[in-house]
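Sequential numbering from 108 applies to the sequence shown in the numbering used here.
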Amino acid sequence: MTADIIDGKAFAATVREKVAAHVAALKADHGITPGLAVILVGEDPASEVYVRNKNRQTVEVGMNSYEHKLPADSSQAEVIALVEKLNNDPAVHGILCQFPVPDHMSEREIVAAISPAKDVDGLHILNAGLLTTGQKAMVSCTPLGCLMLLRDRLGSLSGFNAVVVGRSNLVGKPLAALLLRDSCTVTIAHSRTKDIEDVCRRADIVVAAVGRAQMIKADWIKPGATVIDVGINRIPAPERGEGKVRLVGDVDFAGVSEVAGAITPVPGGVGPMTIACLLANTVTACCRANDLPEPEGLTA
Ligand code: NDP
Numbered sequence: 108m109t110a111d112i113i114d115g116k117a118f119a120a121t122v123r124e125k126v127a128a129h130v131a132a133l134k135a136d137h138g139i140t141p142g143l144a145v146i147l148v149g150e151d152p153a154s155e156v157y158v159r160n161k162n163r164q165t166v167e168v169g170m171n172s173y174e175h176k177l178p179a180d181s182s183q184a185e186v187i188a189l190v191e192k193l194n195n196d197p198a199v200h201g202i203l204c205q206f207p208v209p210d211h212m213s214e215r216e217i218v219a220a221i222s223p224a225k226d227v228d229g230l231h232i233l234n235a236g237l238l239t240t241g242q243k244a245m246v247s248c249t250p251l252g253c254l255m256l257l258r259d260r261l262g263s264l265s266g267f268n269a270v271v272v273g274r275s276n277l278v279g280k281p282l283a284a285l286l287l288r289d290s291c292t293v294t295i296a297h298s299r300t301k302d303i304e305d306v307c308r309r310a311d312i313v314v315a316a317v318g319r320a321q322m323i324k325a326d327w328i329k330p331g332a333t334v335i336d337v338g339i340n341r342i343p344a345p346e347r348g349e350g351k352v353r354l355v356g357d358v359d360f361a362g363v364s365e366v367a368g369a370i371t372p373v374p375g376g377v378g379p380m381t382i383a384c385l386l387a388n389t390v391t392a393c394c395r396a397n398d399l400p401e402p403e404g405l406t407a
């Protein structure tokens with residue numbers, strides 16, 4: 108068997124088109140432009156690239172982008188004061204603080220300061236609680252992207268056995284909650300799981316969110332299963348020249364694609380969905396703030 112490739116890049120483009128259409132309608136019908144504020148503390152080069160991409164894509168779909176750069180030696184109180192200012196700014200519908208922040212700051216306290224209604228990263232404990240109790244929440248972007256890809260591939264997810272490998276608050280736990288909400292039978296595997304290969308082999312859906320390059324092998328996968336690879340790992344690529352690296356996922360793509368029914372590649376799978384879902388969450392937050400109908404197909 109050779110798996111179908113789930114093209115996250117192409118799917119993300121359709122999500123952005125839907126967002127852009129909804130933004131255009133909000134402007135034309137209500138005179139409202141959704142706005143996303145991104146806070147970047149310090150000068151981490153990878154974070155600067157992410158923030159630049161987010162800003163560019165926000166503007167491309169017609170939304171307002173507000174970038175706030177603070178020096179690395181800013182205090183926690185200064186970051187929180189900025190968050191509070193943005194919470195009270197009616198032009199801002201979504202707030203995101205790019206992590207990691209410098210060591211002297213607490214990510215948890217920054218997230219706690221963000222208004223849950225503007226928490227487009229879905230990290231606030233209120234949103235985590237709303238999600239796990241089956242209520243309307245802001246859902247973390249990467250899990251939302253995985254859910255969209257799975258629904259597009261499989262239609263109804265009801266009754267499928269799903270294994271999520273990884274239990275982070277950012278990816279594993281919210282994704283497990285989303286799959287449960289869609290009536291999958293969900294197992295969460297992690298570093299202490301016994302016989303993890305056997306656990307994965309029972310799954311119709313395997314989601315890998317571990318951060319270990321190519322850990323999940325072909326003989327962990329049930330023939331025909333759908334495999335979503337969230338992992339982004341850099342490994343040496345001497346064939347590209349000295350000191351060069353390439354990106355791989357948590358799944359051994361070459362081997363697993365011989366067994367699985369469908370698989371997301373890295374890059375070009377879940378990655379592009381994450382920013383697309385950030386834009387989707389911002390337009391959803393804007394609609395909720397203005398008591399307007401939410402865009403269809405862009406929420407969980
Ligand atoms: P974390 O490091 O927060 O969590 C990793 C999880 O994997 C933990 O629950 C850990 O278990 C589990 N784990 C670690 N080693 C093993 C093992 N040997 N066997 C089984 N489970 C293991 O990572 P994140 O959830 O934040 O990210 C996971 C991956 O996804 C990373 O590669 C990250 O770069 C990528 N990522 C990609 C995004 C995208 O846009 N595509 C967005 C966010 C993340 P335990 O809890 O027991 O320690």
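Positions of the beta carbon are idealized from the N, C-alpha and C atoms, including for glycine.
How would you label residue i, buried or exposed, when you count the other beta carbons within 10 angstroms and need 16 or more for buried?
| i | result |
| --- | --- |
| VAL352 | exposed |
| ASN195 | exposed |
| SER211 | Note on residue identity: the sequence assigns His, not Ser, to residue 211. Label assigned to HIS211: exposed. |
| GLY138 | exposed |
| ILE232 | exposed |
| ASP226 | buried |
| PRO343 | exposed |
| SER181 | buried |
| PRO400 | exposed |
| ALA188 | exposed |
Could you round the C-beta distance between residue i and residue j to whole angstroms and report it? I think they count as a contact, below 8 angstroms.
| i | j | result |
| --- | --- | --- |
| GLY376 | ASP311 | Going by Cβ atoms, the distance from GLY376 to ASP311 rounds to 18 angstroms, so no, they are not a contact pair. |
| ASP259 | PHE118 | 6 angstroms |
| MET380 | GLY252 | 3 angstroms |
| ASN234 | ALA244 | 4 angstroms |
| VAL208 | GLU214 | 6 angstroms |
| ILE339 | GLY378 | 7 angstroms |
Less than 8 angstroms separating the beta-carbons of residue i and residue j?
| i | j | result |
| --- | --- | --- |
| THR109 | GLU365 | yes |
| LEU286 | LEU256 | no |
| ARG308 | LYS329 | yes |
| LEU254 | VAL271 | no |
| VAL166 | GLN205 | no |
| GLY404 | LYS116 | no |
| ALA387 | VAL122 | yes |
| VAL358 | VAL334 | yes |
| VAL199 | TYR173 | yes |
| ALA369 | ASP136 | no |
| GLY350 | ALA316 | no |
| VAL306 | ALA332 | no |
| ILE113 | THR371 | yes |
| GLU185 | LEU177 | yes |
| VAL168 | ALA127 | yes |
| PRO413 | VAL130 | An answer regarding residue 413 cannot be provided, because it is not within the stretch 108 to 407 covered by the chain. |
Using only alpha-carbon positions, find the residue among the options that is nearest to residue i.
| i | options | result |
| --- | --- | --- |
| VAL355 | CYS253, LEU203 and ARG341 | ARG341 |
| ILE76 | ASN268, THR389, PRO400 and VAL334 | There is no way to answer for residue 76, as the model of the chain reaches only from 108 to 407. |
| LEU147 | ILE139, ASN160 and ALA235 | ASN160 |
| THR294 | GLN321, GLY266 and ARG215 | GLY266 |
| PRO197 | PRO372, ALA224 and SER181 | ALA224 |
| THR391 | ASN268, ALA316, THR240 and MET170 | MET170 |
| ILE382 | LEU143, ILE113, LEU133 and ILE112 | LEU143 |
| ALA396 | ALA127, GLY331 and LEU133 | LEU133 |
| SER298 | SER275, ALA284, SER290 and CYS291 | SER275 |
| ALA284 | GLU401, THR239 and ALA296 | THR239 |
| GLY279 | LEU261, VAL246 and GLY262 | VAL246 |
| ARG288 | ALA131, GLN242 and LEU261 | GLN242 |
| ALA179 | GLY149, ALA269 and SER222 | GLY149 |
| CYS384 | THR140, ALA153 and GLN164 | GLN164 |
| ASN268 | PRO250, GLY262, SER290 and CYS248 | SER290 |
| VAL421 | LEU277, ASN162, ILE221 and HIS175 | The requested residue 421 is not part of the displayed model; the chain covers only 108 to 407. |
| THR406 | ALA153, GLY236, PRO250 and GLY318 | PRO250 |
| VAL363 | CYS393, CYS394, ALA325 and PRO345 | ALA325 |
### Message
So if I measure from each beta-carbon to every heavy atom of the ligand NDP and keep distances below 5 angstroms, which residues remain?
### Response
Cβ-based neighbours of the ligand NDP within the cut-off: THR249, GLY273, ARG274, SER275, LEU277, VAL278, HIS297, SER298, ALA316, VAL317, GLY318, VAL337, GLY338, ILE339, VAL377, GLY378 and THR381.
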